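**Q**
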Amino acid sequence: MKKIRLYGNWKMNMTRAETTAFMSEFARSAKPLEAVMGRNLEVAVFPPFTSLWAANEAMRSVSGPMPLLGAQNVYIGDHGAFTGEVSIPMLKECGCTHVIIGHSERRHILGEGEPLIAKKMRACFDAGLIPVLCYGETLEEREAGRAFQVMERQLRSAVEPLSADESAQVVYAYEPVWAIGTGKSATSAEAQEVCAWSKRLLAEAAGRDIGTTVLYGGSVKGSNAKELLSMDAIDGALVGGASLKAESFLEIYTAYAGS
Ligand code: PEP
Numbered sequence: 001m002k003k004i005r006l007y008g009n010w011k012m013n014m015t016r017a018e019t020t021a022f023m024s025e026f027a028r029s030a031k032p033l034e035a036v037m038g039r040n041l042e043v044a045v046f047p048p049f050t051s052l053w054a055a056n057e058a059m060r061s062v063s064g065p066m067p068l069l070g071a072q073n074v075y076i077g078d079h080g081a082f083t084g085e086v087s088i089p090m091l092k093e094c095g096c097t098h099v100i101i102g103h104s105e106r107r108h109i110l111g112e113g114e115p116l117i118a119k120k121m122r123a124c125f126d127a128g129l130i131p132v133l134c135y136g137e138t139l140e141e142r143e144a145g146r147a148f149q150v151m152e153r154q155l156r157s158a159v160e161p162l163s164a165d166e167s168a169q170v171v172y173a174y175e176p177v178w179a180i181g182t183g184k185s186a187t188s189a190e191a192q193e194v195c196a197w198s199k200r201l202l203a204e205a206a207g208r209d210i211g212t213t214v215l216y217g218g219s220v221k222g223s224n225a226k227e228l229l230s231m232d233a234i235d236g237a238l239v240g241g242a243s244l245k246a247e248s249f250l251e252i253y254t255a256y257a258g259s
């Protein structure tokens with residue numbers, strides 16, 4: 001059975017207290033999966049900045065299986081006059097190993113552009129964090145037949161500053177914007193088509209087959225997990241809404257693999 005990555009993007013949800021409670025619940029719910037965690041299953045959660053330390057403390061004090069920790073965004077540079085931003089050393093101090101880069105909500109609501117996303121990708125490798133690069137088309141772009149053109153630009157610009165070895169370590173997450181938080185997932189065939197195409201594109205950009213990891217994100221939950229995760233080009237899921245409760249989050253894996 002292939003290794004599944006199950007990553008939970010909490011967005012602007014979960015206080016410190018809720019984060020602590022989630023981690024205890026996670027340790028209980030993940031007990032039956034302990035044997036596969038780290039081997040067939042890699043789980044990570046991405047709390048808001050203010051809850052990262054609570055997650056880190058819980059990881060050290062709660063006994064039982066724990067997820068890896070990541071942040072939802074980061075800025076380039078170690079420190080300085082960047083009001084409202086958080087640096088890679090600050091995230092690493094909280095125990096983060098991963099960071100989401102270029103989520104569609106940052107691209108479309110907060111105006112983050114491809115040049116900054118590329119700099120963030122470079123900064124992650126310079127300072128030792130694994131980027132989870134989100135990309136995907138809007139409904140308008142899909143209906144206009146421009147989805148692949150948009151995604152090609154998003155992917156090529158993000159990996160442009162990376163070596164082939166670095167590009168191979170990125171976790172890519174195909175997230176069609178029209179499927180995020182809408183309850184309307186892409187079909188397994190649509191998601192498979194894009195994930196397989198992405199792997200070919202990234203291999204071509206790197207100049208060789210780099211064994212890329214590509215997740216699908218967009219309204220993944222227990223009821224559609226088996227169909228999506230069984231597709232051979234899909235290596236896991238980036239999950240928003242269903243990741244806020246440990247039980248519904250882990251149900252995504254058990255629905256795929258059987259409990
Ligand atoms: C996301 O935030 O990346 C996401 C996929 O959200 P949801 O699962 O709620 O659609």
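So for the sequence shown, the working numbering puts the first residue at 1; every next one is plus one.
Glycine included, C-beta positions come from ideal geometry on N, C-alpha and C.
It should be emphasised that the depicted structure is a prediction, and the values quoted were computed from it without experimental measurement.
Figure out for me which residue from M1, N9, K3 has the closest Cα to the Cα of F249.
**A** In this structure, N9 is the residue among M1, N9, K3 with its C-alpha nearest to the C-alpha of F249.
**Q** Over what stretch of residues does the alpha helix (DSSP H) that includes R5 continue unbroken?
**A** No alpha helix (DSSP H) contains R5, which is instead part of the beta strand (DSSP E) from 4-9.
**Q** Rounding to the nearest angstrom, what Cα-Cα distance links K2 and N40 in this structure?
**A** 7 Å
**Q** Determine the closest residue to G222 out of E137, V159, G241, with distance taken between C-alpha atoms.
**A** G241
**Q** Out of R5, M231, R156, A225, state which residue places its alpha-carbon closest to the alpha-carbon of L69.
**A** R5
**Q** Could you tell me if S230 is buried or exposed, where buried requires 16 or more neighbouring beta carbons within 10 angstroms of its beta carbon?
**A** By the neighbour-count rule (16 or more Cβ atoms within 10 Å), S230 is not buried but exposed.
**Q** How about H98: is its Cβ closer than 7 Å to a heavy atom in the ligand PEP?
**A** No, since every heavy atom of the ligand PEP falls outside the 7 Å radius drawn around the Cβ of H98.
**Q** Could you check the C-alpha separation between G128 and E57 for me, to the nearest Å?
**A** If you take the alpha carbons of G128 and E57, they lie about 21 Å apart.
**Q** From A206 to V220, what does the alpha carbon distance come to, in whole angstroms?
**A** 30 Å
**Q** Between L202 and Y216, which are expected to be in contact by the criterion C-beta below 8 Å, what is the C-beta distance as a whole number of angstroms?
**A** Contact doesn't hold; Cβ gap of about 15 Å is too wide.
**Q** Let me check understanding here. Comparing Cα to Cα, which of I252, H103, H79 lies closest to P176?
**A** H103
**Q** What three-state label does DSSP hand T213 in the structure shown?
**A** Taken through DSSP and simplified to helix, strand or coil, T213 comes out as strand.
**Q** Taking the Cβ atom as the reference point for each residue, do F26 and A246 lie within a distance shorter than 8 Å?
**A** Going by C-beta atoms, F26 is nearer than 8 Å to A246.
**Q** Would you report the Cα separation of L260 and A71, rounded to the nearest angstrom?
**A** There is simply no residue 260 to check, as the chain begins at 1 and stops at 259 in what is shown.
**Q** Considering only the beta carbon of each residue, do S152 and A118 sit closer than 8 Å?
**A** It is worth fixing the name first, because residue 152 is Glu in this sequence and not Ser. Not in contact: E152 and A118 (Cβ atoms no closer than 8 Å).
**Q** Give me the Cα-Cα distance between L52 and D232, rounded to the nearest whole angstrom.
**A** 33 Å
**Q** Mind checking which residues open and close the beta strand (DSSP E) that includes P32?
**A** Taken as a continuous stretch (DSSP letters only), P32 belongs to no beta strand (DSSP E), as it is neither H nor E.
**Q** Go to A147, then tell me how far its beta strand (DSSP E) extends in each direction, as first and last residue.
**A** Where A147 is concerned, there is no enclosing beta strand (DSSP E), although the alpha helix (DSSP H) it sits in stretches over 147-159.
**Q** Is the number of C-beta pairs between the region 183-202 and the region 158-173 that are closer than 8 Å three or more?
**A** The region 183-202 is in contact with the region 158-173.
**Q** Within the present structure, is the beta-carbon of A225 separated from the nearest heavy atom of the ligand PEP by less than 7 Å?
**A** No.
**Q** What is the rounded straight-line gap between the Cα of E143 and the Cα of W178?
**A** 11 Å
**Q** What are the complete beta strand (DSSP E) segments, minimum 3 residues, inside the region 96-156?
**A** 98-101, 130-135
**Q** Looking at the ligand PEP, does it come within less than 7 Å of S248, judged from the CB to the closest heavy atom?
**A** Exclusion of S248 from the 7 Å shell around the ligand PEP follows from its C-beta lying no nearer than that to any non-hydrogen atom of the ligand.
**Q** Across which residues does DSSP place L238 in a beta bridge pair?
**A** Y7, G217
**Q** Would you say V239 touches the ligand PEP, meaning its beta carbon is less than 7 Å from a heavy atom?
**A** Yes, since a heavy atom of the ligand PEP falls inside the 7 Å radius drawn around the Cβ of V239.
**Q** Report the three-state DSSP secondary structure of F46 (helix, strand or coil).
**A** strand
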